[in-house]
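If you use the working numbering, the sequence shown corresponds to residues -5 to 439, in order.
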Amino acid sequence: MSLTRVLTGITTSGTPHLGNYVGAIRPAVAASRAPGVESFYFLADYHALIKVQDPARVQRSTLEIAATWLACGLEPDKVWFYRQSDIPETNELTWLLTCVAGKGILNRAHAYKAAVDKNRTEGEDDDAGITAGLFMYPVLMAADILLFNANQVPVGRDQIQHIEMARDFGQRFNHLYGEPAGKEFFSLPEAVIEESVATLPGLDGRKMSKSYDNTIPLFAPRDTLKKLIYSIVTDSRAPGEPKDAGNSNVFQLYQAFASKEETDAMRRAFADGIAWGEAKQALFERIDAEVAPQREKYETLIARPADIEAVLRDGAARLRERYAIPTLQALRAAVGLRDLSQVSTGVAKKASKAAQPVFKQYREADGRFYFKLVDGDRVLLQSTGHESARTAGQLIGRLKQEGGGALHRAEAAAVHMGHDLVGHLHEGVELAEVVQALELFAEDA
Ligand code: TRP
């Protein structure tokens, strides 16, 4: 039975807050214990550099997020837990993917487009202040995912486009370097959107988010947690006045931490006119009951940063050896970054049998007979269908004998020999390459 690979990255650009906990950390830790999955959790610190150019903050955030995941129950001997920048193969793969990624696709990335739109409304140059890092963000993210052939990537809605791009780049690479053998270097990932997971409101009622500065840090000390919860904005209904649970951020926060029974009881209390102070006290107690034991672990962990460093390094070292290094070795060879000593030293032009173009004959599902001219991993020419293997073979014979001189290119990629349609050039192939390949057969003859 093969395991489903689930992979998730967390950008190390801030301090984990209750919204991260409810939306990502809590469900991910629960999912890591499911049977049949191999989980990958990593700290996306290369991604952090795109947004944060304050080194101390990147370091602090990396420590806090690592300690948070461990405190919340992630078990580094059961899942892959690592730091992106400890896997240099990620960077290497980023370049290989950069060379197949369409620039036009990157132009359409939401984050980049939003930055351009902002410049336009402000009357600035389109790309003012936009780094190439922001532009390349989706390629780096695709490398994170494709390096480990992740099948599922749990993400927020804002990240769906990035998963689609990873699929696109992976598919292009498979197509370009996997043909004609049909080799699949990469599995294509799917985004997993957890519909049932709540989006938490922040202190001001908008979505809890670092960019709105309305967050409640997950492991704020107890008295800070209490103070922050008491500062949540509410309407001005007095004690005794019925309150609308459906529209209350205090209620929504409560619901994210409470059981069904507790939630129902709180809904009734709202209808009965619970005072805001009382509702906030209940909310504080409910959250604190859940996070207090984890907060204690967190404080112990974060006081020993060297231990966390050791956990991360160990995870990355094992992961590189098991997957990243061998994968990159195969990918380097696939694209032609190869050991030169493996080139045989005959006459350059006829280097080896394997390096010579060949005709491959086959029969399609339509019952007709086809051939293609293949040079190494590259298909040059694809024939039209023939009634019999014999007529296909005869045409190959003529091509070998007469060489490319008799060929000419007609409309689109169609290749003719005299009046006869021979076949079509494969995408991106020029007629000259076919002519050159046929020259080698002529010399043999
Ligand atoms: N871009 C993601 C975010 O901001 C973080 C991330 C980086 C990621 N690489 C990833 C998520 C790979 C999933 C898979 O949320």
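Using N, Cα and C, we set each Cβ at its ideal position, and we do this for glycine too.
Cβ-Cβ distance between residue 1 and residue 139 below 8 Å: yes
Between the CA atoms of residue 148 and residue 217 - distance to the nearest angstrom: 33 Å
Any 3 or more C-beta pairs closer than 8 Å across the segment 67 to 77 and the segment 304 to 316: yes
For residue 388, the first and last residue of its enclosing alpha helix (DSSP H): 383 to 396
Distance cut-off 7 Å: residue 149 Cβ against heavy atoms of the ligand TRP: yes
Residue 454 vs residue 8 beta-carbon contact at 8 Å: The structure shown does not extend to residue 454, since the chain is modelled only from -5 through 439, so no value can be given for it.
Cβ pair residue 379, residue 358 closer than 8 Å: yes
Exposed unless 16 or more other CB atoms sit within 10 angstroms - verdict on residue 215: exposed
For residue 432 and residue 421, the rounded distance between their alpha carbons: 18 Å
N- and C-terminal bounds of the alpha helix (DSSP H) containing residue 106: 104 to 115
Residue nearest to residue 127 in terms of C-alpha spacing, selected from 109, 141 and 114: 109
Reference residue 91; option with closest CA among 130, 63 and 173: 130
For residue 369, the first and last residue of its enclosing beta strand (DSSP E): 363 to 369
Limits of the unbroken alpha helix (DSSP H) element including residue 131: 126 to 141
Same chain, Cβ closer than 6 Å to residue 344, five either side skipped, listed in chain order: Unreliable positioning characterises residue 344 in this predicted model, as indicated by a pLDDT of 49, which lies under 50. A coordinate reading is not provided.
At least three beta-carbon pairs within less than 8 Å, the segment 267 to 282 to the segment 238 to 251: yes
Local conformation of residue 7 per DSSP, three classes: coil
heavy atom of the ligand TRP below 7 Å from residue 135 C-beta: yes
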